[in-house]
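Per the numbering used here, the very first residue in the sequence shown carries number 86; after that it's consecutive.
No residue lacks a Cβ here, since even glycine has one placed at the ideal position from N, Cα and C.
Comments concern the structure below.
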Amino acid sequence: MPPIIQLDKLYYINVGEHGTFQPSGEAAYDSTYEHIDDIFKYLEAQDQKKLVLYFHGGLVGEDSGMDTAQRITKYVKDNTTSHPVCFVWETGLLETVRQNFDVIGDSPFFKKLLIKVVKIAGKMLGIEVADFIGASKGVGNLTEEEINAELSKEEPFKDYKVDPGKKSVNLVAVENMQDEEVIKLAIASEVEAEVEEEVYSDVAFQNLALQPKPPEEERLMKGEHPAIEDATGKKGIILPARLIISATKITIAVIRRHVTKRNHGFYPTIIEEILREFYVADIGTWAWGRMRDKARDMWNEDDFSGDPLDWHAGTYLLKKIVEYKKDHPDLIIDLVGHSAGSIAICELIKAVNERNIDLAFRNILFMAPACRCELFAETILKGPARFKNFRCFTMSDVYEIKDHLVPVLYPRSLLYLISGILEERQNDAFILGLQRHITGGKPYDKEPVLQSIMNFIKGDGRISYSVTGDDSTDGFRSTALHHGDFDNDKEATLDSLMYLIKQ
Numbered sequence: 086m087p088p089i090i091q092l093d094k095l096y097y098i099n100v101g102e103h104g105t106f107q108p109s110g111e112a113a114y115d116s117t118y119e120h121i122d123d124i125f126k127y128l129e130a131q132d133q134k135k136l137v138l139y140f141h142g143g144l145v146g147e148d149s150g151m152d153t154a155q156r157i158t159k160y161v162k163d164n165t166t167s168h169p170v171c172f173v174w175e176t177g178l179l180e181t182v183r184q185n186f187d188v189i190g191d192s193p194f195f196k197k198l199l200i201k202v203v204k205i206a207g208k209m210l211g212i213e214v215a216d217f218i219g220a221s222k223g224v225g226n227l228t229e230e231e232i233n234a235e236l237s238k239e240e241p242f243k244d245y246k247v248d249p250g251k252k253s254v255n256l257v258a259v260e261n262m263q264d265e266e267v268i269k270l271a272i273a274s275e276v277e278a279e280v281e282e283e284v285y286s287d288v289a290f291q292n293l294a295l296q297p298k299p300p301e302e303e304r305l306m307k308g309e310h311p312a313i314e315d316a317t318g319k320k321g322i323i324l325p326a327r328l329i330i331s332a333t334k335i336t337i338a339v340i341r342r343h344v345t346k347r348n349h350g351f352y353p354t355i356i357e358e359i360l361r362e363f364y365v366a367d368i369g370t371w372a373w374g375r376m377r378d379k380a381r382d383m384w385n386e387d388d389f390s391g392d393p394l395d396w397h398a399g400t401y402l403l404k405k406i407v408e409y410k411k412d413h414p415d416l417i418i419d420l421v422g423h424s425a426g427s428i429a430i431c432e433l434i435k436a437v438n439e440r441n442i443d444l445a446f447r448n449i450l451f452m453a454p455a456c457r458c459e460l461f462a463e464t465i466l467k468g469p470a471r472f473k474n475f476r477c478f479t480m481s482d483v484y485e486i487k488d489h490l491v492p493v494l495y496p497r498s499l500l501y502l503i504s505g506i507l508e509e510r511q512n513d514a515f516i517l518g519l520q521r522h523i524t525g526g527k528p529y530d531k532e533p534v535l536q537s538i539m540n541f542i543k544g545d546g547r548i549s550y551s552v553t554g555d556d557s558t559d560g561f562r563s564t565a566l567h568h569g570d571f572d573n574d575k576e577a578t579l580d581s582l583m584y585l586i587k588q
């Protein structure tokens, strides 16, 4: 076991199950309402006028969350006169996702299915790549060996091109309509015929589908999916007819997303759609949903009766802040959130708005925010009186797509994975930290929620895209090259935050 991180409970709140004070892991890290009482006794004794609430990304384990809290506490104390309180609310999602990707990536069935979808979708979209001698070659004409060679690269199909003259005739006839249902109807028969040919001509593929999957893979497969034969009581036995239905559905989704420009790149989109169809139930969606629930539940209304362990930690903190502010009306509060921490802050603002709590914040500062744009619009944008300044630090898209969450298998960032898979019932869900969603480029320029965010973001000083230049203004610098770098990029982003906080 890693050593216990030594951090005074005056500087953090460990949020348990359902956003309460319930124990959630290492007992030494547990928080109680008495610990929050102690925080405010300390603030009173110090006559403290400035408070920073920091929310780390909710994707890490408890030890990592505590390590972040320790680093942030030291940095705030060393560089400002504010008192930091860090929320620790672990889920361990990132570790779960990477482990599950390893299992799926080793699956012979998955590898074979991937080749088939690459071949059919690539052929219909007119996708071309360089072959062994550097000549351009249509993906539909590649052998399985050539496709496997491409799939073994650090970023498969990175430099693909589209030859409009080689697209499916059925697709060309409807692609300008940009209507998903029209596109689906136009290509469905052709895709199904191509899939049938690939399945029925490949006995090895059929056998891989029919074989019970290893326990690790079986655990990840979607038991409710019609392609999973459950008469035997096992998951992972896929009949050829059902395989054709599923592979057709995947391929149509990939093609449709490309035509409507809602794809995340040719290869990453295929990975997303295969995972959605066969594996997404357990790849991380459940853990992501659980994390979002905790971000919301910690602010649930509470009369603070009954077992104190069941009290909601965030709401109890709000109660104490309101009480403290009555005697210290000049109290300044800054909110800082990294990744999923932005969701917790949105939910905080929502609670304050809905209950008409007499609180306002000076700065809301986001780093690589993982919140849905819809949530941001209905909370932050609807409560402009609740804050004075807003600034978001996130990567430009050129760096976002270079941030490979799982090398080879998923060469896109965590925010892309959230957008493409983890947000249920959505592909290309709108995420605030993804530059492509908030800058007004097509096809996002017609979405009302994105238009409102774009207009807000254009306001003076509200956005900073990493990597910034050496001549960047104080308070805007960021050199993050990876999603997890924003609180650890040689402190460039943290220095920008401290510049704003110490004003």
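Grouping DSSP H, G and I as helix and E and B as strand, with all else coil, what is valine 173?
Note: valine 173 maps to strand in three-state DSSP.
To the nearest whole angstrom, what separates the beta carbons of alanine 462 and valine 534, a pair I think is in contact under 8 Å?
Alanine 462 to valine 534, Cβ: 5 Å. Contact.
Using beta-carbon positions only, say whether glutamate 459 and tryptophan 384 come within less than 8 Å of one another.
Their beta carbons are not under 8 Å apart, which means glutamate 459 does not touch tryptophan 384 by this criterion.
If we ignore side chains and look at the alpha-carbon of each, how far apart do arginine 440 and valine 421 end up?
Rounded to the nearest angstrom, the two C-alpha atoms are 22 Å apart.
On the three-state DSSP scale, how would you describe leucine 582?
Here leucine 582 sits in helix by DSSP.
If I measure Cβ to Cβ from tyrosine 409 and keep anything under 6 Å in the same chain, skipping five residues before and after, which residues do I get?
The residues are Phe125.
For the region 194-244, list the beta strand (DSSP E) runs that are entirely contained and at least 3 residues long, ordered along the chain.
Whole beta strand (DSSP E) segments, 3+ residues: 212-215, 221-223.
Valine 247 and glycine 225 - do their beta-carbons sit closer together than 8 Å?
In this structure, valine 247 does not lie closer than 8 Å to glycine 225 by Cβ.
Which same chain residues end up closer than 6 Å to arginine 447 when comparing Cβ atoms and leaving out the 5 residues on each side of it in sequence?
The residues are Ile417, Asp419, Lys473.
Using the three-state DSSP reduction, which class does glycine 422 fall into: helix, strand or coil?
Three-state DSSP puts glycine 422 in a strand.
Hey, quick one: how far does the beta strand (DSSP E) through arginine 510 stretch, first residue to last?
That residue, arginine 510, is in no beta strand (DSSP E); it is neither H nor E in DSSP.
Going straight from the alpha carbon of leucine 270 to that of valine 276, what length do you get?
Straight-line Cα distance between these residues: approximately 10 Å.
Thinking C-beta only, is valine 173 closer than 8 Å to tyrosine 114?
Yes, the pair counts as a contact, with Cβ atoms nearer than the cut-off.
By the three-class DSSP mapping on this structure, what secondary structure does histidine 310 have?
Caution applies to histidine 310, whose pLDDT of 48 falls short of 50 and renders its modelled position unreliable; the model cannot decide the point.
Quick one: residues in its chain with C-beta nearer than 8 Å to the C-beta of methionine 583, no 5 flanking neighbours on either side, listed in chain order?
These residues qualify, in order along the chain: Tyr160, Val161, Asn164, Thr165.
Compare the C-alpha of proline 88 against each of Asp152, His397, Glu362, Gln291 and name the closest.
The residue with the shortest Cα to Cα distance from proline 88 is Asp152.
Across which residues does DSSP place phenylalanine 186 in a beta bridge pair?
In DSSP, phenylalanine 186 forms no bridge with anything.
Rank Glu508, Ala577, Asp572 by C-alpha distance to the C-alpha of aspartate 559 and give the top, closest one.
Per the Cα distances, Ala577.
Just to confirm before moving on: does the CB-CB distance between phenylalanine 475 and serine 551 stay below 8 Å?
Not a contact, by the Cβ cut-off of 8 Å.
Between arginine 342 and the rest of its own chain, which residues show a CB-CB distance below 6 Å, the 5 nearest in sequence each way excluded?
Same-chain partners within the cutoff: Asn348, Thr354.
Only counting the same chain, and skipping five residues up and downstream in sequence, which positions put a Cβ closer than 6 Å to that of asparagine 261?
No residues qualify anywhere along the chain.
Please work out which residues of its chain come closer than 6 Å, Cβ to Cβ, to valine 182, disregarding the five sequence neighbours upstream and downstream, and give them in chain order.
Gly369, listed in sequence order.
For glutamate 230 and alanine 206, I'd like the C-alpha separation in whole angstroms.
Each residue's alpha carbon lies about 17 Å from the other.
Between the alpha carbons of histidine 120 and glutamine 155, how many angstroms are there, rounded?
Looking at the two C-alpha atoms, the distance is approximately 17 Å.
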